[in-house]
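Have a look at the structure below before the remarks.
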Amino acid sequence: SQTIHQWPATLVQPVGSPLSLECTVEGTSNPNLYWYRQAAGRGLQLLFYSVGIGQISSEVPQNLSASRPQDRQFILSSKKLLLSDSGFYLCAWSVSPRQGGYEQYFGPGTRLTVT
Amino acid sequence: AQSVTQLGSHVSVSEGALVLLRCNYSSSVPPYLFWYVQYPNQGLQLLLKYTSAATLVKGINGFEAEFKKSETSFHLTKPSAHMSDAAEYFCAVSGSGAGSYQLTFGKGTKLSVIP
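For the protein sequence lines, the chains are A and B, in the order given.
Position 19 of the first sequence, counting from 1, maps to 19 under my numbering, and the rest follow consecutively.
Position 70 of the second sequence, counting from 1, maps to 185 under my numbering, and the rest follow consecutively.
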């Protein structure tokens, strides 16, 4: 069966510090991968998605970036965090729509607090 | 473009009462629709999905949803609420074509269950 991991689970970082959040998926090949953010009291905001290694689509211009160095690894980064980057970050995966998959499966999330 | 509207950001029901969470969608093509549940500080879990096979869809934990094309609705119901159902619920619709890799989420409905 498929499993998705995220780490760390919680993170407290000062403003201006760098960020690296990691997501890995097990049990499937060539998944589509997604990064979302949930800010307090707000819904889900899609940040990035990737349909293959090195292929990243950005949905929201900001000081965050994403990379996909391996088929089942997705990394969210920032060079300098802002207070507004605080939130709950969720990674998700899906199979290709051509394979009949439209639903996404979510990881446990990372709670980021920027101080 | 696809969109979903969830009516009511907060819904309270008594334990044992009917749960009804409302979702209306807008889509230019036959949609794929989903309901997710999120418990505090956890990722989203897929409750059920509609992919045009049957209009009444049964999901996990006793939840079901009915697709009504004439009303562009996909409301989530459960005959008898349990305390463990207290969570936030999200309705989502898939995109089409190049956008089919993405889901558009509603803003969520927080369900409280009163003992």
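Even glycine gets a Cβ: it sits at the ideal position worked out from N, Cα and C.
Just so it is clear, the structure is predicted and the values come from calculations on it, not from any experiment.
Could one say the Cβ of residue i lies closer than 9 angstroms to chain A's Cβ atoms, at least one of them?
| i | result |
| --- | --- |
| B/Tyr204 | no |
| B/Tyr147 | yes |
| B/Asn156 | yes |
| B/Leu122 | no |
| B/Gly223 | yes |
| B/Ser104 | Given a span of 116 to 230 for chain B in the structure shown, any question on residue 104 of chain B remains unanswerable. |
| B/Tyr140 | no |
| B/Gln117 | no |
| B/Ser188 | no |
| B/Leu226 | no |
| B/Lys184 | no |
| B/Phe220 | yes |
In angstroms with no decimal places, state the Cα-to-Cα distance between residue i and residue j.
| i | j | result |
| --- | --- | --- |
| B/Ser185 | A/Val12 | 48 angstroms |
| B/Ser165 | B/Thr187 | Position check: residue 165 of chain B holds Tyr in this sequence, whereas Ser was assumed. Spanning the two alpha carbons is a distance of roughly 13 angstroms. |
| A/Glu22 | A/Trp7 | 6 angstroms |
| A/Thr110 | A/Ala92 | 12 angstroms |
| B/Cys206 | B/Leu148 | 7 angstroms |
| A/Ala39 | A/Phe88 | 6 angstroms |
| A/Tyr36 | A/Tyr102 | 16 angstroms |
| B/Tyr142 | B/Phe182 | Note on identity: in this sequence residue 142 of chain B is Ser, with Tyr being the wrong assignment. Approximately 13 angstroms between the Cα atoms of the pair. |
| A/Asp71 | A/Ser50 | 10 angstroms |
| A/Ala9 | B/Gly158 | 11 angstroms |
| A/Glu26 | A/Gly107 | 12 angstroms |
| A/Arg42 | B/Glu203 | 12 angstroms |
| A/Phe74 | B/Ala168 | 33 angstroms |
| B/Gly210 | B/Asp200 | 29 angstroms |
| A/Gly52 | A/Lys80 | 27 angstroms |
| A/Leu19 | A/Thr28 | 27 angstroms |
| A/Leu82 | A/Val60 | 15 angstroms |
| A/Val114 | B/Tyr151 | 28 angstroms |
By DSSP's criteria, residue i is part of a beta bridge. Which residues make up the other side?
| i | result |
| --- | --- |
| B/Ala207 | B/Phe149 and B/Phe220 |
| A/Arg111 | A/Thr10 and A/Phe88 |
| A/Asn32 | A/Ser94 |
| B/Gln160 | B/Val152 |
| B/Ser227 | B/Ser127 |
| A/Phe74 | A/Cys23 |
| B/Thr170 | B/Thr170 is not bridged to any residue. |
| A/Phe106 | A/Ala92 |
| A/Ala66 | A/Leu76 |
Mind checking which residues open and close the beta strand (DSSP E) that includes residue i?
| i | result |
| --- | --- |
| A/Leu47 | Leu44 to Gly52 |
| A/Gln122 | Residue 122 of chain A cannot be examined here, being either before or after the span of chain A that is shown, 1 to 115. |
| B/Thr192 | Ser188 to Lys193 |
| A/Thr24 | Leu19 to Glu26 |
| B/Asn139 | Val134 to Ser141 |
| B/Val119 | Ser118 to Leu122 |
| B/Ala180 | Glu179 to Lys183 |
Verify the CB distance criterion: does residue i have a CB-CB separation below 9 angstroms to chain B?
| i | result |
| --- | --- |
| A/Gln104 | yes |
| A/Pro108 | yes |
| A/Ser17 | no |
| A/Leu90 | yes |
| A/Gly54 | no |
| A/Ser1 | no |
| A/Leu44 | yes |
| A/Val51 | yes |
Name the chain E residues that come within less than 8 angstroms of residue i, Cβ to Cβ?
| i | result |
| --- | --- |
| A/Arg111 | Going by chain labels, chain E is absent from the structure shown, which instead holds the protein chains A and B. |
**Message:** Is it the case that the stretch 116-128 of chain B contacts the stretch 210-230 of chain B, given that we only count it when at least three CB pairs across the two stretches are under 8 angstroms?
**Reply:** Counting C-beta pairs closer than 8 angstroms gives three or more between the stretch 210-230 of chain B and the stretch 116-128 of chain B, which meets the contact rule.
**Prompt:** Would the stretch 125-133 of chain B and the stretch 163-182 of chain B be scored as touching if the rule is three or more Cβ pairs under 8 angstroms?
**Reply:** Short answer: they don't touch.
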